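Worksheet: one structure, shown below.
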DNA sequence: CTGAAAGCGCTTACAG
DNA sequence: CTGAAAGCGCTTACAG
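Protein chains in written order, with the UniProt record's numbering: chain A, 1 to 352; chain B, 1 to 352.
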């Protein structure tokens, strides 16, 4: 009933190396001021014993706090998607606070790249030991990540990726494949001669995320030699009046459209339109487990929602920094989220 | 950069109560040998300071080890489903070993209720502080859980549930709803006059799990007024020859069958049959993220797999005991797993 | 019924 | 370059 002494600690290492535990500690943490000779001797013993530091004791003894910065879009009516990652971040914080980790939040405006720059600047001045960010603006994010790299601050991207950066890791969806899954579901029961539309409701139609999703979507059609042209619909004004006007026109001009794929979480705007105009004949698929979307899923105006576990992304994003900074563990550079399929029938049990 | 002294500990409580920290410790853990007066005084201070014990320090100082028993079916060619929960259990063990938690595994034979009883008996003699079990045999599980209850050993059910027991919690699928989802997917593109079969490949056709799944499946048809009789196919001999023979007969007798729903992970046996007999016209849905099943998913002979995160069930099962026993946290009595939908296109990113 | 003291496995000044 | 010692917030014999 008492702990076995199967694990060796610094004390045993010190005893075997004939040094004090302080010196062992120096070697373990790669601190300077140890002769090469003793350093090697200690490292050999560490390897031999397969020494695993006791994090409990380490964090208990340490007086250092570790502070992390998080840079994400602010939550608004337009962007309530960001509630979920924020919840995940908060959950992670609650869990690791007792290990002396603190998190500071920085919010930017998704309509304003400058706000991203401003907040990024604040983070650089703030002496943080790690950063978690959504690199929504590619150029701005690139600049910021170079600055972090120079300061040797590890940073994790999540929700979307910027390739070729020195980020610790990326946590988020494989967008191409996600679009591919969307196409599979949308065409699963599509009949011949029925046409499909890809709908982008966003101010920025050339956003890299949307492009990847659409590429995946179109690839599915190519790979399966599905006939018919895929219509591309861009709706830049996201208010319901504009959406209604544009969709009405599109459906008038293209009578064969029987399925729509919305490339982001604004799918509920299309569902509202379909409901009002009584078009339950049109299949609809879009993104994200949002209240508004679930409502339409339940009513039957959305067939499937695709979701990439935004809450877990936030949680895992924080933990990736915690694991490197506190536990000294290596983390995978790319951590793709599952591409979850949500229907009216399984939504009640979905974990965001 | 140094930890804030915002939290109060036993020392501060002792100082304010004018007692030693040993006495404070006694009160915190409800141990005997403290006068009512000092007990009340200390408890008042604890409340006033909103004292939160430091688990790190507590586990570090404690020499007690906590040992948990896990009772699950043994993994065999027939039951490789159980590999995943076992992995989750092992992962949990690795994570909490450093907090002084040990896990002992007990395996029973899914074809032999007596083996369950035997192993359960061993557990009862073993002085464990907590038990995680798959109550595959309802009556036997009921007896065992009553014994645990008497001994005041908390126990968690997972994978399947036994209602009305004193279990700490249940972690697993909502089987009825899972069958319901299966029906939705299977009928999503089904055409009129095409018939559906529910296939049960198992020695025990009257297993409570299968019954619940099938009830959910049939309810979907009722709720959506889908016409046509749902054929019930029981295959008691699970070898491939018997499966082939029986399915051949069924399909000969019922030419309109265009969709099959297999109520467990043996769906690959049906897929193999469909492949060999060139019946790619039949939709097929079944359970679980197993190698054999994924293979057929990729070839296109299985349309969808439904999965309830077996690995996470094992992991969360262990953690439910850890959280109550070590952290003293309350856990939810029922923790339903998501009903995940896996297709050829999203399987690469699925987390079991 | 209560307290003094050692110890869990580390980290951290401080001294040499 | 190295070590002795105090301390992190608890638990645990042991003594009274």
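Using N, Cα and C, we set each Cβ at its ideal position, and we do this for glycine too. Just so you know, these numbers come straight off a predicted model, no measurement behind them.
Annotation: Cβ neighbours of residue 98(A) in chain B (cutoff 8 angstroms, chain order): 54, 55, 56. A straight-line Cα-Cα distance of about 22 angstroms links residue 277(B) and residue 193(B). Residue ranges of uninterrupted beta strand (DSSP E) with 3 or more members, entirely inside the stretch 276 to 313 of chain B and ordered along the chain, are 283 to 287, 304 to 307.
Using a Cβ distance threshold of 7 angstroms, residue 171(A) and residue 279(A) do not count as a contacting pair.
For residue 339(A), the secondary structure class from DSSP, reduced to helix, strand or coil, is coil. Nearest C-alpha to residue 323(A) among 130(A), 17(A), 64(A): 130(A). For residue 230(A), the uninterrupted beta strand (DSSP E) segment begins and ends at 230 to 235. Around the CB of residue 300(B), fewer than 16 other CB atoms lie within 10 Å, so the residue is classed as exposed.
The stretch 288 to 296 of chain A makes no contact with the stretch 136 to 149 of chain A; the number of CB pairs closer than 8 angstroms stays below 3.
Every beta strand (DSSP E) stretch that sits fully inside the stretch 165 to 205 of chain B and reaches 3 residues is listed by chain position as 169 to 172, 195 to 201.
Between residue 259(B) and residue 321(B), the C-beta spacing is not below 7 angstroms.
Rounded to the nearest angstrom, the gap between the Cα atoms of residue 248(A) and residue 209(A) is 26 angstroms. Closest option to residue 161(B), judged by alpha-carbon separation, among 352(B), 128(B), 207(B): 207(B). Residue 288(B) counts as buried, since at least 16 other C-beta atoms from the protein chains shown sit within 10 angstroms of its C-beta. Out of 117(B), 127(B), 25(B), 351(B), the CA that lies nearest to the CA of residue 152(B) is found in 127(B).
DSSP places residue 222(A) in no beta strand (DSSP E) but in the uninterrupted alpha helix (DSSP H) bounded by 208 to 223. Taking 7 angstroms as the threshold, the shortest C-beta distance from residue 351(A) to chain B falls below it. Closer than 7 angstroms to the CB of residue 180(B) there is at least one CB belonging to chain A. Between residue 245(B) and residue 198(B), the C-beta spacing is not below 7 angstroms.
Residue 52(A) counts as exposed, since fewer than 16 other beta carbons sit within 10 angstroms of its beta carbon. Contacts with chain B (Cβ-Cβ distance below 9 angstroms) from the stretch 328 to 346 of chain A involve 336, 337, 338, 339, 340, 341, 342, 343, 344, 345, 346, listed in chain order.
When DSSP reads this structure, residue 88(A) sits in no beta bridge, so it has no partner. For residue 69(A), DSSP records a beta bridge to 104(A), 131(A). Annotated three-state conformation of residue 141(B) is helix, per DSSP. Proximity of residue 305(A) to chain B, defined by a Cβ-Cβ separation below 7 angstroms, is not satisfied. Contact annotation for residue 188(A) against chain B: 188, 189 [CB-CB distance below 7 angstroms, chain order]. The Cβ of residue 49(B) sits no closer than 7 angstroms to any Cβ of chain A. In the three-state scheme derived from DSSP, where H, G and I count as helix and E and B as strand, residue 155(A) is classed as strand. Taking the C-beta atoms as reference points, residue 154(B) is found nearer than 7 angstroms to residue 168(B). Straight-line spacing of the CA atoms in residue 14(B) and residue 103(B) works out to 36 angstroms. DSSP links residue 259(B) through a beta bridge to 196(B), 283(B). Distance between residue 189(A) and residue 59(B), taken at the CA atoms: about 57 angstroms. Within chain A, the residues 348, 349 have their CB atoms less than 9 angstroms from the CB of residue 174(B), given in chain order. Between residue 309(A) and residue 281(A), the beta carbon gap of about 32 angstroms keeps them out of contact (Cβ cut-off 8 angstroms). The C-beta of residue 37(B) comes no closer than 7 angstroms to any C-beta of chain A. Residue 200(A) and residue 262(A) have their alpha carbons spaced roughly 6 angstroms apart.
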